[in-house]
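Asks: The structure's right below; bear with me while I get my questions together.
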DNA sequence: CATTTTTCGACTATGTTGGTCAAGATGAGT
DNA sequence: ACTCATCTTGACCAACATAGTCGAAAAATG
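Residue numbers (our numbering), protein chains in the order written: chain A, 1 to 149; chain B, 150 to 298.
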């Protein structure tokens, strides 16, 4: 059930770009250092994210990466889905890769899988990178969010 | 993010045993046929489930498997965790395999991961196999559960 | 004893993960 | 025009996980 390293690296890279938020691009090497990501692997990942339209790049000296859209409009779920594939645990309840299983309509677990999918989607598709940044700010100020039980 | 075939097979096998609910055991071959599971693979899976205390077995002619506990007391999450490991997407928020990450207390994603974990746990750890059976009954009678949107 | 059924460990083929590496293209400054 | 920093691209690789299969043994029933 776990998220791949690659996906978590991608999320952290996007977070770093969201936090940077400046007209000058952020270099791969800087992202790698800040977020503790193997630099050679990060090259691959950022290139993939670029292909997905999540980030833009500038080549050459003084080049680097920017976020391709405002952090308020980019959900964590979008990045996760792009890198790791569907969020759903089984294809029959996935929106992005829907495929009926062999128990057409007779499946004992269909309702269960739907509820799991909905619960996950309710979190990942409603959390933007701007939300994460705000959370981090509040945590620094000593505020404890409502997720803590 | 998906569940392994093995895990889904295990869940279906347990469901079949829960549904059988009789003093006579259910044979591997019968479970395999009903739930469309490769029989040789199912042998391995049931043996593993037995090791986890989920099912009991009787050997020899007229042997087979029973559920080791009432279906009302067995949650789907327990089986999933046993077969596929922690439900949580990252170890730092997993109860069963907790391990701090390298960003001790400075992690931008900690709150996020917690919310995801809680959302998933709220479904899988609160759904028992008895619940699934009841759902299936109601679906047969044309009743549409509250999971359907 | 013969048959049915579980039990157990070894085996294997294929795919995924988590990277690394080398060479090239591009752009900014001198 | 040259140089240097930086992104770009595709190939490559080792280790591990997945999804099973197989054969032989042990136990219970009749």
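Quick reminder that beta carbons are idealized off the backbone N, C-alpha and C, glycines included.
Return the bridge partner residues of residue 213 of chain B from the DSSP annotation.
Replies: B:207
Asks: Output the distance between the C-alpha atoms of residue 31 of chain A and residue 46 of chain A, rounded to the nearest integer angstrom.
Replies: 10 Å
Asks: Opposite residue 171 of chain A in the DSSP bridges: which residues?
Replies: Here chain A comprises residues numbered 1 to 149, so residue 171 of chain A is not present and cannot be evaluated.
Asks: Is there a Cβ from chain B that is less than 8 Å from the Cβ of residue 82 of chain A?
Replies: By this cut-off, residue 82 of chain A is not an interface position.
Asks: Buried or exposed: where does residue 226 of chain B fall if 16 or more other Cβ atoms within 10 Å of its Cβ makes it buried?
Replies: buried
Asks: Identify, in the order they occur along the chain, each residue of the same chain with its Cβ nearer than 6 Å to the Cβ of residue 66 of chain A, setting aside the five sequence neighbours on each side.
Replies: 25 and 56
Asks: Look at the alpha carbon of residue 73 of chain A and the alpha carbon of residue 128 of chain A, and state the distance between them as a whole number of angstroms.
Replies: One C-alpha to the other measures close to 7 Å.
Asks: Check whether the segment 8-21 of chain A touches the segment 85-99 of chain A, taking contact to mean three or more Cβ pairs, one atom from each stretch, closer than 8 Å.
Replies: no
Asks: Quick check: what's the CA-CA separation for residue 147 of chain A versus residue 229 of chain B?
Replies: Because the pLDDT of residue 147 of chain A is 49, which lies under 50, any placement of that residue in the model is unreliable, and the question is left without a value.
Asks: Under the DSSP definition of a beta bridge, which residues are partnered with residue 75 of chain A?
Replies: A:128
Asks: At a CB distance below 7 Å, what residues from the segment 115-145 of chain A approach chain B? Give them in sequence order.
Replies: 115, 116, 119, 120, 122, 123, 124, 127, 132, 135, 136 and 145
Asks: Does any CB atom of chain B fall closer than 8 Å to the CB of residue 70 of chain A?
Replies: no
Asks: Here's the rule: buried if 16 or more other CB atoms are within 10 angstroms of the residue's CB, otherwise exposed. What is residue 117 of chain A?
Replies: Its Cβ being crowded by 16 or more others within 10 Å, residue 117 of chain A is buried.
Asks: Do residue 91 of chain B and residue 108 of chain A have their CB atoms nearer than 8 Å?
Replies: Residue 91 of chain B is absent from the structure shown; chain B starts at 150 and stops at 298.
Asks: For residue 64 of chain A, is the classification buried or exposed, using 16 other Cβ atoms within 10 angstroms of its Cβ as the cut-off for buried?
Replies: buried
Asks: For chain A, is any of its Cβ atoms less than 8 Å away from the one on residue 164 of chain B?
Replies: yes
Asks: Under the three-state reduction of DSSP, which class applies to residue 290 of chain B: helix, strand or coil?
Replies: coil
Asks: For residue 122 of chain A, which of A:88, A:101 and A:130 has the nearest alpha-carbon?
Replies: A:88
Asks: Excluding the 5 residues flanking residue 35 of chain A on each side, which residues of the same chain have their C-beta closer than 7 Å to its C-beta?
Replies: 12, 13 and 16
Asks: So residue 187 of chain B contacts chain A; which residues on that side make the cut at Cβ distance below 7 Å?
Replies: Those within 7 Å of residue 187 of chain B in chain A number zero; the least Cβ separation is about 13 Å.
Asks: Thinking just about the alpha-carbon of each residue, which of A:39, A:23 and A:6 is nearest to the one in residue 58 of chain A?
Replies: A:23
Asks: Distance, Cα to Cα, residue 188 of chain B vs residue 44 of chain A?
Replies: 42 Å
Asks: Going along chain B, which residues have a C-beta under 8 Å from residue 3 of chain A?
Replies: 150, 238 and 239
Asks: Using a cut-off of 8 Å between C-beta atoms, extract the partners of residue 108 of chain A located in chain B.
Replies: 161, 164, 281, 282, 284 and 285
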